[in-house]
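Participant:
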Amino acid sequence: MTNLFSDVNLANLNSVANYNSSFGKFSLSLGNYYMSNVSKLDQNFFRDYNNFRFLINYNVKKNFAAGIGFQNKFLTDDKNIETNRNNSSYYFTNLDLKFNDNVIVNSKLGFKTEDQIGEFNTGFSGLLTGTADNYLYKDYMSNGRLILFYENLNSKKNHNYELNAEIYKRFTKEADNTGKIRYYNQRNDFYFPATASVINQYNVKNNIEKRTEDYFYAGDYLNYSFTENLLFSLEGSYAKREVTKEFKYRSSSSNILFENVYDTKILEDNLELSGMFNYNLRKLNSRLRFMYNERSENHSLINISGLSQSQISELEKAEKNKNNNGRRTSITLGLLYLLSNTHSFGFDGSSSMLRYDTDFDLNYDDRDEAENIASVFHRYDNLINFELLTKFDIIKSKLSYIFSQRSANNYKNNIYRLTTQSVFSPAKNITTKNSFQVLANYTVYDFEDIISQVQSFSYRQLSIKDSTSCYITRRIFLEFNGELKFYEQGQFNNRNFSVKPIAYFEEKLFNPQINYLLTGFIKIGAGYKFFIQERYQYENGVKLPAGNFKTYGPVGEIFFYLKNNSVLHFKGGKDFIKYSVPESENSALYLQLNILWNI
């Protein structure tokens, strides 16, 4: 699969190629993923990444295969510094063992070379994975995965020891339970440019950060059917995470406060409980869910030998300033009423409250956040050629900082949105999809005055979209996509519910196209794209033109539909770009390529 896009501002290329084949007792697997991005400014900037893998196996027995493989990864860009060039190659032996259809073990043992920011390392790298899928034992259904990864290079070590397990049990017709557990211990060593004091003290170009992480998760999920119409679900989980960051070379004590190179530890705890009722009765489907989540994060210093008490105090302040804990409570409700086979009504609502606290006297980020969402909708389907969805949403949110130092940012935000969407086929050869939306967004700050930089504001928008296709003959059909958008930004007076407009925009997009089915597997199309944005500003309440932006030009594309569901898509055109303020014109070709090739 290949996707290419290039226009006047940027170019992106993504390519994925996979090939698998068997011949006799041998099997071959090839794969490559390539990504390239180019930003077209006064000077082009690019970034490339590639991951290539090769594996050939020999089936020794029905349940045992052995082989060899190779993998190469590289990352580079146009910056002329070594920190932006990484390359690694891995040569390995591969073993696959199947105990049955449910339990599979794979091992990769080999030699790795790595060049990271100019530091070259070699050494042993090994990976052992075991999976058990849908393994049934005495009415217990289990899934599990074990990962043992170890890498010992010249100057760095990496490992990942991970266990995932899930056990499902149906106790009765009414009740079932699923338990989940996960644990991993990871270590990653990576280079980064050394600070000035480290360079002078140790005569090295790069430092090494050792990041270790311990993670534990346990969760349980219970379902119980009181009746055929009433289902209750209860969920609970706990997660604990400990992260340490240690540096091989420490900054000198006189520079440690400025260079920010010191060892730290992070502790995270997360507890979540939730319950849900599902009730279905004839034409009514309902869902009610409660959720409570509590999370804490604590930062601290480690390995503080050699530091003065004043330095320790300053670093502890910096770490304590990151400490936080949050408690979120939410409730959601969903209702769907099937009035008939053509009409249905629904309601979705939610309310949540977040209490965010810090435990440091100099951190004033303590706050409360509340959000309430309500949506009502009506859906109509005549079961022949017309569908209509009408929906009205209200979103209300509030942010309140506890301490006066941040209270100038306290605000309330209200969003009102009315949307209609329809699909209509007046004839077998014509289909039109339309949407109409009106949106109003009001943000009101609790504290503001005439000279304040913080002002309440409003944003109001009207959007109309149309997408229509019409078959003239079996081979010729027309397509049209259009959009009109009008939106306004202004200062908002909540007391009088009045708006002082500041800026106004009108946007129009038209994209007609004619398509021709050349054969059963080739489709060509030609069209025209036109977009304009008119800009206005208000002076003393009078709307005055402030310029416009146009882009327009021809568009062409061709599809090739090949065997095995393979598709080749080429699209290109020319954009003419015009700005009225300041006056300028430009033009550029653009190309888009999409390839999906199944061999």
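As numbered in the numbering used here, residues 508 to 1106 make up the sequence shown, in order. Glycine included, C-beta positions come from ideal geometry on N, C-alpha and C.
Taking C-alpha atoms, which residue in Glu894, Phe964, Lys905 and Asp900 lies nearest to Ser932?
Facilitator: Glu894
Participant: Counting only the same chain and skipping the five closest in sequence on each side, list residues whose C-beta sits under 6 Å from that of Gly1054.
Facilitator: Arg1042, Ser1087 and Val1088
Participant: As an exercise, report each continuous beta strand (DSSP E) stretch of at least 3 residues that is fully enclosed by the stretch 573-611, in chain order.
Facilitator: 592-605
Participant: Could you spell out the range, first to last residue, of the alpha helix (DSSP H) harbouring Ser543?
Facilitator: No alpha helix (DSSP H) holds Ser543; the beta strand (DSSP E) holding it covers Phe533 to Lys547.
Participant: Is any heavy atom in the ligand FMN found nearer than 7 Å to the beta carbon of Ser529?
Facilitator: You won't find the ligand FMN in this model; it holds no ligand whatsoever.
Participant: With distance defined between alpha-carbon atoms, name the residue in Val768, Ser815, Glu821 and Thr734 nearest to Tyr786.
Facilitator: Thr734
Participant: Phe884 lies in the beta strand (DSSP E); which residues open and close that run?
Facilitator: That run of the beta strand (DSSP E) goes Arg874 to Asp888.
Participant: Give a yes or no on contact between the stretch 753-766 and the stretch 702-709, applying the rule of three or more CB pairs nearer than 8 Å.
Facilitator: yes
Participant: Thinking C-alpha only, which one of Val523, Gly989, Val1006 and Glu990 is nearest Gly997?
Facilitator: Looking at Val523, Gly989, Val1006 and Glu990, the one whose alpha-carbon comes closest to that of Gly997 is Val1006.
Participant: Are the beta-carbon atoms of Gly1063 and Gly1032 separated by less than 8 Å?
Facilitator: yes
Participant: Exposed or buried, what is Phe768 when buried is set at 16 or more other beta-carbons lying within 10 Å of its beta-carbon?
Facilitator: Residue identity check: residue 768 is Val in the sequence provided, not Phe. By the 10 Å Cβ count, Val768 comes out buried.
Participant: When the Cα atoms are used, what is the spatial distance from Phe1037 to Pro1052?
Facilitator: 20 Å
Participant: Going by Cα to Cα distance, which pick from Met542, Asn692 and Ala947 is closest to Tyr994?
Facilitator: Ala947
Participant: Less than 8 Å between the CB atoms is what I'm expecting for Leu780 and Gly841, so what's the real figure, rounded?
Facilitator: Contact doesn't hold; Cβ gap of about 20 Å is too wide.
Participant: What is the rounded straight-line gap between the Cα of Lys790 and the Cα of Asn736?
Facilitator: Between Lys790 and Asn736, the C-alpha separation is close to 12 Å.
Participant: With distance defined between alpha-carbon atoms, name the residue in Tyr647, Arg677 and Thr620 nearest to Glu658.
Facilitator: Thr620
Participant: In the DSSP assignment, what are the bridge partners of Tyr709?
Facilitator: Answer is none; Tyr709 lacks a bridge partner.
Participant: Could you check where the beta strand (DSSP E) with Gln998 kicks off and where it finishes?
Facilitator: Ile983 to Asn1000
Participant: With which residues is Lys663 paired in a DSSP beta bridge?
Facilitator: None, per the DSSP bridge assignment.
Participant: Can you say whether Thr865 is buried or exposed, counting buried as having 16 or more other CB atoms within 10 angstroms of its CB?
Facilitator: With 16 or more neighbouring CB atoms inside 10 Å of its own CB, Thr865 falls in the buried class.
Participant: Compare the C-beta of Thr620 with all C-beta atoms of chain B and state if any pair is closer than 8 Å.
Facilitator: In the displayed structure, chain B is absent; only one protein chain is listed.
Participant: What are the boundary residues of the alpha helix (DSSP H) that Glu826 is part of?
Facilitator: Gln816 to Lys827 is the extent of the alpha helix (DSSP H) around Glu826.
Participant: Rounded to the nearest angstrom, what separates Lys687 and Tyr565 at their Cα positions?
Facilitator: If you take the alpha carbons of Lys687 and Tyr565, they lie about 36 Å apart.
Participant: To the nearest angstrom, how far is the alpha carbon of Asn1093 from that of Glu1014?
Facilitator: 20 Å
Participant: Which residues in the same chain as Phe1056 place their Cβ atom closer than 6 Å to its Cβ, once the five residues preceding and following it in sequence are excluded?
Facilitator: Gln1040 and Tyr1086
Participant: Between Ser929 and Asp900, is the Cβ-Cβ spacing less than 8 Å?
Facilitator: no
Participant: Along the chain, where does the alpha helix (DSSP H) that runs through Ser779 open and close?
Facilitator: Before going further, note that residue 779 is Glu rather than Ser in the sequence given. Counting along the chain, Glu779 falls outside any alpha helix (DSSP H), though it belongs to the beta strand (DSSP E) covering Thr771 to Leu788.
Participant: If you reduce the DSSP assignment to three classes, tell me which class Asn516 lands in.
Facilitator: coil
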